[in-house]
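I have placed the structure first, in the form of structure tokens, so that the comments after it can refer back to it.
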Amino acid sequence: MDMDHNHDHDHGSDDSAAKSCPMIMVFHAGHCERILWRGWVAATVTEFVLSAIAIFVVSFLYEALKFLRQHLARRVARKEAERLADEQRRKSDNPNGSDTPLAEPRELSYGQRLLDSSHIIQSLLNLLQIVISYLLMLIFMTFNYWLCLAVVLGLGIGYFFFGWNKKTPDESECCP
């Protein structure tokens, strides 16, 4: 019984040779590779090198995205600290010295914090970071030495450029 495992359903197309890159489930160094989805096939050395460069750039940008999220979170925290310091200063500068406190600022409700623009931006950036991290994992799972190297070098060089700027050394490096 002959079982056809070709799920491309493009019998007779001119690029069927390009679509016939095997899926190798051990580490290898070939240049014919299906990357992430059916349309991204690196069948030639040039396509493969360009794909590896694109993967390197995405890995590098992943580190830039992590840096951007940390930077935005620090900026929001700094603004909140400045707001609290201003309130404390106004309280201490109460000129009439009366016991009646100045109007206390209302703490934001859960819904207001949830719908705050900085929280929405952080959530969207987190979603993008998670998607990119899973795509990089799937690329690594092609088991191609060169594509794995592109991921690792992109992440490593990205960390070199962006990771040094951490305020606390105990920030997690694992996961988004």
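Numbering (UniProt numbering), first residue to last: 1 to 176. Every residue gets a Cβ at the ideal spot worked out from N, C-alpha and C, and that includes glycine. In this text, all values refer to a predicted model and were calculated from it rather than measured experimentally.
Does DSSP put residue i in a helix, a strand or coil?
i           : result
residue 186 : With the chain running from 1 to 176 in the structure shown, residue 186 is simply not present.
His119      : helix
Glu33       : strand
Tyr159      : helix
Ser20       : helix
Would you mind stating whether residue i and residue j have Cβ atoms separated by less than 7 Å?
i      : j      : result
Phe56  : Gly158 : no
Ile121 : Tyr62  : no
Arg69  : Leu125 : yes
Val151 : Ser92  : no
Check the C-beta distance from residue i over to residue j and give it rounded, since I have them as a contact under 8 Å.
i      : j      : result
Arg34  : Val45  : About 16 Å; that fails the 8 Å criterion.
Ala29  : Trp146 : 6 Å
Leu135 : Leu36  : 6 Å
Phe67  : Phe162 : 4 Å
Cys21  : Ala52  : The pair is not a contact, with the Cβ atoms about 15 Å apart (cut-off 8 Å).
Ser118 : Val76  : 5 Å
Gln129 : Leu65  : 5 Å
Let me check understanding here. Comparing Cα to Cα, which of the options lies closest to residue i?
i      : options                      : result
Phe48  : Gln112, Glu80, Ile139, Ala85 : Ile139
Val26  : Met141, Leu84, Lys79         : Met141
Glu107 : Leu127, Ser123, Arg83        : Arg83
Exercise. Ignoring anything shorter than 4 residues or poking outside the region 37-79, list the alpha helix (DSSP H) runs there in chain order.
Key: none
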